[in-house]
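Q: Dumping the structure here so I can ask a few things about it.
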Amino acid sequence: MDARRTVLTLVFVVSLFLLWEAWMKQGASQAPTTANQPDLSQSANKASASAGGVPSPSVALDKLAPPSGAAAAGQAPGDSASKTGARVVLRNTDLALEIDTQGARLVGAVLLNQPSSNYEGGRVRLFDTRPGQEFEAQTGLVGQGAQGKAFPNHTQAFFAVPLKSGQDAQRTVVLASESGGVKLMKTISLDPSGFKVHVSHTVLNTGADPVNPSLYLQLMRSGNPPPGESQFYQTFTGPALYTDQKKFQKVGFSDIEKGRQDHVKQAPDGWIGLIQHYFVSAWILSNQAPREFFTRRLGNNLYSAGLIQALPEVSPGAQQTHEALLYVGPQVQRTLEGLAPGLELVVDYSWLTFIAKPIYWSLEQLHALVGNWGWAIVLLTIIIKALFYPLSAASYKSMAKMKAVAPRMTALKERYGDDKAKFNQAMMELYKNEKINPLGGCLPVLVQIPVFLALYWVLLASVEMRDAPWVLWITDLAAPDPYYILPVIMAATMFLQTKLNPAPPDPIQAKVMLFMPLVFSVFFFFFPAGLVLYWLVNNVVSIAQQWVIMKRVNGVT
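Numbering (our numbering), first residue to last: 1042 to 1598.
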């Protein structure tokens, strides 16, 4: 009985530890040493934020030298970078997008249907220019043309171009800039709804010689965590990319800071983006042309991630148009699956994705049935417990037999006192006579651990839980219970479970088991209410199953 109890205790502790460690690891690997020390020099940050440095392609894509008018990769730009232009705002039913004509940069993105008290205006804001929260999307051309002038890039001024007939001024803007014998026109537009930003780059050769520019798409961001990030735990914030070659990869800001980023550099496909808890911003190219991925440190706790693609030669007087898609919004899996291969993997379920995906699908179907994510969690928990009932029954039957011989175990303990060798020998003889396997109930518990861990990741990573109410005081399943009612009730159910289990003969061990519910319930004060709800329902169903089975076996209640 001691061996079995020890194994079960270790299983529980290890499970909780794995959850905790994984949760902390998600954020620990991303934070550079300067993440919690924002630069107080607003002008310095503004300069870097406005430019982010024009990237330079490597030998594989480097048909031209880096532009002479721009900063070298990884360095702060010159004076032109600190300029700001007029602001243009595009809007649909879900997204308000702010564009700075200095560089035609996307400097503001407010998710209109994602409320949050952590952001100014009460809505989640992904792109921002405020010191310490810099985040923007930048595009342009790499290379130089006539008189060594740089092609148009995000450090240069753009001017508005009149819209064509049928273009909606509320959702479309055309900005142009000319330099180095090349005119670049960016058409930025939104759909009537959703979070897709269409960015069309039209390259017109206004010079006398052919040009070979490269197009770059990048995201520049502060290394600081998003507003409202808990000091008690951190989720991952940083670059992520996907290619058919290497699949999904995450890159921590700390790795970029140390120059140790290990990700695919060149591929004929794939996307790159920046992710944070519940949200993602990603550049997507639909063509299957070679591209180079990069992640860089820009200084002042600023980082960039993006891609560069060499464009076909443009003859004098000719023009080419190249389409790009920027998704900036919540990590809704059904939406992401339809945008690009592997984009749904930003909803990171760790190594248990193969289990978590069917669990999420089941949860989604139940939500469609009942219309409430809290009740969907309750129903899914009951279904999982029903599926595992045969395994649970085997475990509870073993526990019932253990509890039935508990008085005899106590007698053996009193008889042999501190002689552990004789006590263990007598205990094993008792198990043999009663046909009890002291570890018989452990395997069913071990089998269920991956399912619990997978469900944990589903509840932690799914944006659908954000601001999703259940009942009464639970108005956000992704946030901790504000009044700690669920953790307290869960602690009570854990205490009741310990009373149903056979008492250990060792008084010290008995006290430890008695206080375990109190100790572990403290952890759940800080866990999302959705996860605590799952564990609470799981405990209640387990208690009911255990009571029925134990009563059926030998009448022990």
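All residues carry an ideal CB built from backbone N, CA and C; glycine is no exception.
The structure presented is a predicted model; accordingly, all values stated were derived computationally and were not measured.
Let me know the secondary structure DSSP gives Pro1331 once reduced to three states.
A: Coil.
Q: Kindly list the residues whose CB is nearer than 6 angstroms to the CB of Tyr1457, restricted to its own chain and excluding five residues on each side of it in sequence; keep chain order.
A: Around Tyr1457, the same chain offers Lys1463, Phe1464 as residues with beta carbons nearer than 6 angstroms, after the five sequence neighbours per side are excluded.
Q: So, for Gln1302: in the same chain, excluding its five sequence neighbours on each side, which residues have a beta-carbon less than 6 angstroms away from its beta-carbon?
A: Val1292, Asp1296, Thr1336
Q: How many angstroms separate the CA atom of Gln1586 from the CA atom of Val1512?
A: 25 angstroms
Q: Given this structure, state the Cα-to-Cα distance separating Pro1353 from Thr1213, to the nearest angstrom.
A: 27 angstroms
Q: For Met1261, list the residues DSSP reports as bridge partners.
A: Glu1177, Ser1345
Q: Helix, strand or coil for Phe1283 per DSSP?
A: Strictly speaking, residue 1283 in this sequence is Tyr, with Phe absent from that position. Strand, per DSSP.
Q: Around the Cβ of Glu1161, are there at least 16 other Cβ atoms within 10 angstroms (buried) or fewer (exposed)?
A: exposed
Q: Helix or strand or just coil, what does DSSP make of Lys1227?
A: strand
Q: Given a threshold of 16 other Cβ atoms within 10 Å of its Cβ, counted over all protein chains shown, does Arg1449 qualify as buried or as exposed?
A: exposed
Q: Kindly say whether Gly1221, judged by its beta-carbon, lies nearer than 7 angstroms to any beta-carbon of chain B.
A: Annotation note: the requested chain B is absent from the structure, which comprises a single protein chain.
Q: Is the number of C-beta pairs between the region 1225 to 1243 and the region 1130 to 1150 that are closer than 8 angstroms three or more?
A: yes
Q: Which residue marks the beginning of the alpha helix (DSSP H) containing Gly1415, and which one marks its end?
A: 1414 to 1428
Q: Would you kindly check if the distance between the Cβ of Val1488 and the Cβ of Tyr1401 is under 7 angstroms?
A: No. Outside cutoff.
Q: Could you check the C-alpha separation between Gln1538 and Ile1584 for me, to the nearest Å?
A: 6 angstroms
Q: Going by Cα to Cα distance, which pick from Lys1288, Gly1181, Tyr1319, Leu1393 is closest to Ala1351?
A: Gly1181
Q: Looking only at its own chain, which residues have a Cβ that is under 6 angstroms from the Cβ of Pro1510, when we skip the five neighbours before and after it?
A: Cβ within range, chain order: Thr1516.
Q: Could you give the distance in angstroms between the alpha-carbon of Glu1682 and the alpha-carbon of Arg1338?
A: As shown, the chain starts at 1042 and ends at 1598. That puts residue 1682 outside it, with no answer to give.
Q: Count Cβ pairs between the region 1283 to 1292 and the region 1251 to 1267 that sit closer than 8 angstroms; are there 3 or more?
A: Segments in contact, no.
Q: With DSSP as the reference, label Val1292 as helix, strand or coil.
A: coil
Q: Return the Cβ separation of Phe1568 and Pro1521 in integer angstroms, given the expectation that the two are a contact with Cβ distance under 8 angstroms.
A: Indeed, because the Cβ distance is near 7 angstroms, the residues count as touching under 8 angstroms.
Q: How big is the Cα-Cα spacing for Gly1314 and Asn1580?
A: 40 angstroms
Q: Could you compute how far the alpha carbon of Pro1073 sits from the alpha carbon of Val1165?
A: Low confidence applies here, because Pro1073 scores a pLDDT of 48, under 50, leaving its location unreliable and the question unanswered by this model.
Q: Where does the unbroken beta strand (DSSP E) through His1242 begin, and where does it stop?
A: Counting along the chain, the beta strand (DSSP E) containing His1242 begins and ends at 1237 to 1246.
Q: Give me the residue from Val1252, His1318, Val1369, Ala1249 with the minimum Cα distance to Asp1169.
A: Val1369
Q: What three-state label does DSSP hand Thr1336 in the structure shown?
A: strand
Q: Evaluate Ala1210 with the Cβ neighbour count: other Cβ atoms within 10 Å of its Cβ, from every protein chain shown; 16 or more gives buried, anything less gives exposed.
A: exposed
Q: Quick check: the region 1411 to 1419 against the region 1310 to 1324, are at least 3 beta-carbon pairs closer than 8 angstroms?
A: no
Q: Cutting at 6 angstroms between CB atoms, please list the residues of its own chain near Ala1519, excluding the five before and the five after it.
A: Met1506, Arg1507, Pro1569
Q: Which class does Arg1301 belong to by DSSP, given the choice of helix, strand or coil?
A: coil
Q: Report yes if the CB atom of Val1244 is closer than 7 angstroms to the CB atom of Val1355, and no otherwise.
A: yes
Q: Looking at the structure shown, is Val1252 part of a helix, part of a strand, or coil, going by DSSP?
A: Of the three classes helix, strand and coil, the one that applies to Val1252 here is strand, per DSSP.
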